[in-house]
Amino acid sequence: MTTSIGAVLRSTGLATIDRALLARAEKPRVKVWAGSIAVGHEKRAKAYTPIRNARQMREMIEAAKLYERQTLAQRRTTTPRVRNGAIGQAGIQIIEFLARVIDYSTGALFPSLHTIMDGTGLSKNCVVQALSRLKDARIIDWFRRYEPVPDNESQGAGPRIKQATNAYRFLFPAFLSKIFAARRRRGVAADPAPACEQYRQIEAARDMERMRDQLPLWELTREERDKGFE
Numbered sequence: 000m001t002t003s004i005g006a007v008l009r010s011t012g013l014a015t016i017d018r019a020l021l022a023r024a025e026k027p028r029v030k031v032w033a034g035s036i037a038v039g040h041e042k043r044a045k046a047y048t049p050i051r052n053a054r055q056m057r058e059m060i061e062a063a064k065l066y067e068r069q070t071l072a073q074r075r076t077t078t079p080r081v082r083n084g085a086i087g088q089a090g091i092q093i094i095e096f097l098a099r100v101i102d103y104s105t106g107a108l109f110p111s112l113h114t115i116m117d118g119t120g121l122s123k124n125c126v127v128q129a130l131s132r133l134k135d136a137r138i139i140d141w142f143r144r145y146e147p148v149p150d151n152e153s154q155g156a157g158p159r160i161k162q163a164t165n166a167y168r169f170l171f172p173a174f175l176s177k178i179f180a181a182r183r184r185r186g187v188a189a190d191p192a193p194a195c196e197q198y199r200q201i202e203a204a205r206d207m208e209r210m211r212d213q214l215p216l217w218e219l220t221r222e223e224r225d226k227g228f229e
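Residue numbers (numbering that gives the first Met the number 0): 0 to 229.
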């Protein structure tokens, strides 16, 4: 009596294993960025920065606009046709949009890329580049997040998590505070300092802030340590 190959595979369970392996190979792999935090664990990772009040946000936005104008003026001394300063007009639009959707009491801020695009009217490429400039300027930062895959979306073998939207936070860098304070001291009618001098002062403040961030805690003053954990 002869037995078909299919019957042998079914009797040994090899056919089931083969189908499972084939299904796993055909299923797109779910990629999650390394270093992502779990949704719901943002507070533990200090992913959000609560906002004291609306005035704090308004002053930061005004300082960011001043910073953009000053750095644009500096760049135009060597490249007259350049269109953007350090963060660009798109960066200003994103700051203003994020300021509208943030939860002031908790600092919770996790819009998707498409939500930012819809809220600003900017293209995906423009948003990605502007976010990168804002991060380089230490105006905002973000944490990548992941979340469990719902049961109705979980099929076959593989990870049971997927990438979620980023968690954003405003850093309120010291150099922006100094820009706004200088503007307030001068007043609207006062003549501003030359663009090159303003740019030099801004970069000096940023360099000092970066140096302070690299110091161990025991080399910081008490006020600086307390500020780092606000």
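All residues carry an ideal CB built from backbone N, CA and C; glycine is no exception.
Because the structure is a prediction, the values reported are computed rather than measured.
Within the same chain, show all residues whose beta-carbon is closer than 7 Å to that of residue i, passing over the 5 residues directly before and after it, in chain order.
i: residue 63; result: 86, 91, 94, 138, 175
i: residue 165; result: 109, 141, 142, 143, 144
i: residue 147; result: 159, 160
i: residue 104; result: 49
i: residue 228; result: Residue placement at residue 228 is poorly supported in this model, since its pLDDT is 39, which falls under 50; the coordinates still yield a value, given next. No residues qualify anywhere along the chain.
i: residue 32; result: 143, 162
i: residue 58; result: 179
i: residue 171; result: 59
i: residue 136; result: 85, 86
i: residue 40; result: none
i: residue 125; result: 89
i: residue 123; result: 112, 116
On the DSSP letters alone, give me the boundaries of the beta strand (DSSP E) that residue i sits inside.
i: residue 166; result: 166-169
i: residue 239; result: It is not possible to answer for residue 239, since the shown part of the chain is limited to 0 through 229.
i: residue 30; result: No beta strand (DSSP E) contains residue 30, which DSSP labels as neither H nor E.
i: residue 161; result: 160-162
For residue i, I'd like the list of residues in its chain whose CB is within less than 8 Å of its CB, leaving aside the five on either flank, ordered along the chain.
i: residue 65; result: 178, 179, 182
i: residue 188; result: Only weak support exists for where residue 188 lies, its pLDDT of 36 falling under 50; the value from the coordinates is given anyway. Excluding residues within five positions, none has a Cβ falling inside 8 Å.
i: residue 37; result: 144, 145, 146
i: residue 133; result: 86, 90, 93, 94, 139
i: residue 61; result: 179, 182
i: residue 30; result: 162
Could you give the first and the last residue of the continuous alpha helix (DSSP H) run that contains residue i?
i: residue 134; result: 123-135
i: residue 117; result: 112-119
i: residue 45; result: Element bounds for residue 45: n/a, residue is neither H nor E.
i: residue 178; result: 173-185
i: residue 91; result: 87-100
i: residue 60; result: 53-75
Per DSSP, what are the beta-bridge partners of residue i in this structure?
i: residue 140; result: 168
i: residue 36; result: 144
Assign residue i to one of two classes, buried (16 or more other C-beta atoms within 10 Å of its C-beta) or exposed (fewer than that).
i: residue 149; result: exposed
i: residue 130; result: buried
i: residue 82; result: exposed
i: residue 112; result: exposed
i: residue 44; result: exposed
i: residue 80; result: exposed
i: residue 53; result: exposed
i: residue 127; result: exposed
Could you pull out every residue in the same chain whose Cβ sits closer than 6 Å to the Cβ of residue i, ignoring the five residues on either side in sequence?
i: residue 56; result: 50, 98
i: residue 71; result: 84
i: residue 107; result: 47
i: residue 35; result: 143, 144, 145
i: residue 101; result: 108
Inter-stretch contact (C-beta, 8 Å, three-pair minimum) for the segment 94-104 and the segment 112-120: Contact between the segment 94-104 and the segment 112-120 is present, with at least three C-beta pairs closer than 8 Å.
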